[in-house]
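All remarks here apply to the structure that follows.
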Amino acid sequence: MCCYIRDEASGFCYVNDAVLGILKLREKYERVLYVDVDLHHGDGVEDAFSFTSKVMTVSLHKFSPGFFPGTGDVSDTGLGKGRWYAVNVPLEDGIRDDRYCQTFTSVMQEVKALFNPEAVVMQLGADTMAGDPMCSFNMTPIGVGKCLNYILDWELPTLLLGGGGYNLANTARCWTYLTGTVLGQTLSSEIPDHESVCPLHPVQYFTEYGPDYSLEISPSCRPDRNESQHLERVISTIKEKLQHYVALENNITGVMCVRLMSLLRSSATMKDRDSLSLLHYSGSGKTSPQFPSAALHPSSPVLGKPQPFCLQSGQHLIASMQLQKLNSHYQNLSSAATTGTGRGYGATMLGPGQITTPGATQAPGIIDSDPVDEEVLMSLVVELGLDRANELPELWLGQNEFDFIADVPAGC
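Using UniProt numbering, the first residue of the sequence shown is number 1, and each one after it goes up by one.
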């Protein structure tokens, strides 16, 4: 499903329900998997989490020149720390249930084994159905139901969402069938006579299901343009790229420790500090945050306002190093062009439209004085577990700062 992105409505969506659901689940679950079986590429969700390793997105979609939104090639795998956490399965017109389900299970089996999600969000668009005005895929509710059952068999917390669907009768058929699948009930193929439930609009919908008035959707004679060799190459490419994810997971801790030590040695002011290793944000105007020791206790509740950061925690250490990595990337970009509009992000005092440069003077210990766009900040908020209601607006306005006051954590 192509849906709302941060700064504009898109794909007939002005609220990205999938992203909001994932963010809510991330308050409790460490790793969330997003699965999109809509006809269109799930670009809005992928973009929202393209820089984080906590959310993996999988999208099966039509990929063809000129077809909206024009993204989602198999080579699109995420960015920064989120690289290899986006899986795209580009398909051609005419695919039917059997071939679609085979491709789906081959990819999802690999994703499940490697990412090991704790919760799943699945988007069940119905514009893949035969008879949809998109005139693309040639599927039936039975095929989508098999994919849904495959996910439900994992027995993980699962959020199911709707999506596209432009033949309203077939969309109703599909989602009715999938509702029965979730409930474990076999529904009668005969559609009962019914009227609108809204007294203000007493419309007779029953006639929309003619001429057979059946729950089933029959595939058309549209040819399947997905050659077996093409699908095998796509699946093989995806498995190869997912192996990069395995290598990254196996080596990330050691790499981050080396980067941390290199960073600390490069700043004499940081080595002279006796402060507790911590990462604090001062957007509220506090100059010296006081963190209660209970905040880091293992029994602290998972839900609610995120806990204060301590770089002695491996997760927070990796998150803070990702911030440094992104800032280095943006410093390299800003060094090539020192003029133009941008958002000042960091501790330096900037006027409207000004950006800092690598040579700019900054306060000791401040590592993030270069421009970072809103989607990067969104991913960092997810990664760092910040309070989205309070810190996120401040980050977007460029009024926040991160202080990195640290010694090398024990065991690193």
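We put the beta carbon where it would ideally sit given N, CA and C, even for glycine. Treat the numbers as computed from the prediction; the structure is a model and nothing was measured.
Cross-strand partners of tyrosine 34 (DSSP beta bridge): One-based indexing of the sequence shown puts residue 34 at position 34. BP columns for tyrosine 34 point to Thr57, Val121.
C-alpha gap between glutamate 227 and arginine 31, whole angstroms: As a first step, residue 227 is located in the sequence shown; it is residue number 227 there, counting from the start. As a first step, residue 31 is located in the sequence shown; it is residue number 31 there, counting from the start. Their Cα atoms are separated by approximately 34 Å.
Status (buried if at least 16 other CB within 10 Å, exposed otherwise) for alanine 119: Translated into positions along the sequence shown, residue 119 becomes position 119. Burial check for alanine 119: the Cβ neighbour count within 10 Å reaches 16 or more, so the residue is buried.
Whole-angstrom distance between proline 223 and leucine 156, CA atom to CA atom: On the sequence shown, residue 156 is found 156 positions in, with the first residue counted as 1. On the sequence shown, residue 223 is found 223 positions in, with the first residue counted as 1. Rounded to the nearest angstrom, the two C-alpha atoms are 36 Å apart.
Other residues of its chain near alanine 268: CB distance less than 6 Å, five sequence neighbours each side excluded: Translated into the one-based positions of the sequence shown, residue 268 becomes position 268. Caution applies to alanine 268, whose pLDDT of 40 falls short of 50 and renders its modelled position unreliable; the model cannot decide the point.
Beta-bridge pairing of threonine 158 - partner residues as DSSP gives them: Against the sequence shown, residue 158 aligns to sequence position 158. Answer is Val120.
Range covered by the beta strand (DSSP E) that runs through alanine 126: Residue 126 sits at position 126 when you count from the first residue of the sequence shown. Neither: alanine 126 is in no beta strand (DSSP E) and is coded neither H nor E.
Residue burial classification, threonine 179 (beta-carbon count within 10 angstroms, cutoff 16): The sequence position of residue 179 within the sequence shown is 179, counting from 1. With fewer than 16 other beta carbons inside 10 angstroms of its own, threonine 179 counts as exposed.
Where the alpha helix (DSSP H) through alanine 113 begins and ends: Along the sequence shown, one-based indexing puts residue 113 at 113. Secondary structure note for alanine 113: its alpha helix (DSSP H) is the uninterrupted segment 97 to 115.
Distance between beta carbons of phenylalanine 115 and glycine 82, contact taken as under 8 Å: Numbered from its first residue, the sequence shown carries residue 82 at position 82. Numbered from its first residue, the sequence shown carries residue 115 at position 115. Actually they do not touch by this definition, with Cβ atoms about 12 Å apart.
Proximity winner among Ala126, Ile151, Arg99, Glu208, relative to glutamine 229 (alpha-carbon distances): Locating residue 229 in the sequence shown gives position 229, where the first residue counts as 1. The residue with the shortest Cα to Cα distance from glutamine 229 is Arg99.
Close Cβ partners of glycine 143 (< 6 Å) along its chain, the five nearest in sequence each way excluded: Indexing the sequence shown from 1 puts residue 143 at position 143. Around glycine 143: Asp97, Tyr100, Cys101.
Contact between the segment 150 to 168 and the segment 121 to 139 (3+ Cβ pairs under 8 Å): With the cut-off at 8 Å, the segment 150 to 168 and the segment 121 to 139 touch.
Three-state secondary structure assigned by DSSP to proline 141: Start at 1 with the first residue of the sequence shown, and residue 141 comes out as number 141. Judged by DSSP in its simplified three-state form, proline 141 adopts helix.
At least three beta-carbon pairs within less than 8 Å, the segment 16 to 36 to the segment 126 to 139: They do not touch, by the three-pair rule.
C-alpha distance - valine 111 paired with leucine 242, whole-angstrom precision: Within the sequence shown, the letter at position 111 stands for residue 111. Within the sequence shown, the letter at position 242 stands for residue 242. Those two C-alpha atoms are separated by around 8 Å.
Distance CB(threonine 181)-CB(asparagine 149) smaller than 8 Å: To locate residue 181, count along the sequence shown from 1; it is residue 181. To locate residue 149, count along the sequence shown from 1; it is residue 149. Yes, they are a contact pair.
Beta-carbon proximity list for tyrosine 213, same chain, < 8 Å, skipping 5 on both sides: Position 213 of the sequence shown, counted from the start, is the residue given in the question as residue 213. Excluding sequence neighbours, tyrosine 213 sits near Glu190, Ile191, Phe206.
Cβ-based neighbour list, tyrosine 166, same chain, cut-off 7 Å, excluding 5 preceding and 5 following: The residue you call residue 166 lines up with position 166 of the sequence shown. Shown here for tyrosine 166: same chain residues with a beta carbon closer than 7 Å to its own, the five before and five after excluded, namely Asp127, Asp132, Pro133, Met134 in chain order.
Whole-Å CB distance - serine 59 paired with valine 89, under 8 Å assumed: As a position in the sequence shown, residue 59 is number 59, starting the count at 1. As a position in the sequence shown, residue 89 is number 89, starting the count at 1. Sure, about 7 Å apart at Cβ, within 8 Å.
Same chain, Cβ closer than 7 Å to threonine 237, neighbours up to 5 away in sequence not counted: Position 237 of the sequence shown holds residue 237. Around threonine 237, the same chain offers Val74 as residues with beta carbons nearer than 7 Å, after the five sequence neighbours per side are excluded.
Straight-line Cα distance separating aspartate 93 from cysteine 221: In the sequence shown, residue 221 corresponds to position 221, counting from 1. In the sequence shown, residue 93 corresponds to position 93, counting from 1. Looking at the two C-alpha atoms, the distance is approximately 12 Å.
Extent of the continuous beta strand (DSSP E) to which residue 416 belongs: It is not possible to answer for residue 416, since the shown part of the chain is limited to 1 through 412.
Exposed unless 16 or more other CB atoms sit within 10 angstroms - verdict on arginine 26: Translated into positions along the sequence shown, residue 26 becomes position 26. That one is buried.
CA nearest to the CA of tyrosine 29, picked from Tyr14, Tyr209, Ser53: As a working mapping, residue 29 is identified with position 29 in the sequence shown. Check the Cα spacing between tyrosine 29 and each of Tyr14, Tyr209, Ser53: the tightest is with Ser53.
Local Cβ density within 10 Å of glycine 145, reported as buried at 16 or more and exposed below that: As a first step, residue 145 must be located in the sequence shown, where it is residue number 145. Glycine 145 is classed as buried because its beta carbon has at least 16 other beta carbons within 10 Å across all chains shown.
Residue environment, glycine 340, which counts as buried when at least 16 other CB atoms sit within 10 Å: Residue mapping note: residue 340 aligns to position 340 of the sequence shown, counting from 1. A caution first: glycine 340 carries a pLDDT of 43, below 50, which makes its placement in the model unreliable, though a value can still be read off. By the C-beta density criterion, glycine 340 is exposed, having fewer than 16 other C-beta atoms within 10 angstroms.
Integer-rounded CB distance, given that glutamate 208 should sit under 8 Å from alanine 169: Mapped onto the sequence shown, residue 169 falls at position 169. Mapped onto the sequence shown, residue 208 falls at position 208. With 8 Å as the limit, alanine 169 and glutamate 208 qualify as a contact, their Cβ atoms being about 5 Å apart.
Asparagine 88 in three-state terms, based on DSSP: Here residue 88 refers to the residue found at position 88 when the sequence shown is read from its first residue. In this structure, asparagine 88 counts as strand in the three-state DSSP scheme.
Residues near valine 234 by beta carbon distance below 7 Å, same chain, minus five either side: Your numbering for residue 234 matches position 234 in the sequence shown. Within the same chain, valine 234 has close Cβ partners Val74, Val89, Pro90.
Simplified DSSP assignment, three categories, for lysine 239: Numbered from 1 along the sequence shown, position 239 holds the residue referred to as residue 239. If DSSP states are grouped into helix, strand and coil, lysine 239 belongs with the helices.
Cα-Cα separation, tyrosine 85 to aspartate 47: As a working note, residue 85 is residue 85 in the sequence shown. As a working note, residue 47 is residue 47 in the sequence shown. Rounded to whole angstroms, tyrosine 85 to aspartate 47 spans 11 Å at the Cα level.
Rounded C-alpha distance that separates alanine 18 from aspartate 38: Locating residue 18 in the sequence shown gives position 18, where the first residue counts as 1. Locating residue 38 in the sequence shown gives position 38, where the first residue counts as 1. Approximately 13 Å between the Cα atoms of the pair.
Option nearest valine 107 by Cα separation, candidates Gly80, Pro141, Met56: As a position in the sequence shown, residue 107 is number 107, starting the count at 1. The candidate whose alpha carbon is nearest that of valine 107 is Met56.
When Phe67, Asn138, Val35 are compared against threonine 105, the one with the closest alpha-carbon: Here residue 105 refers to the residue found at position 105 when the sequence shown is read from its first residue. If we check each option's Cα against that of threonine 105, Val35 comes out closest.
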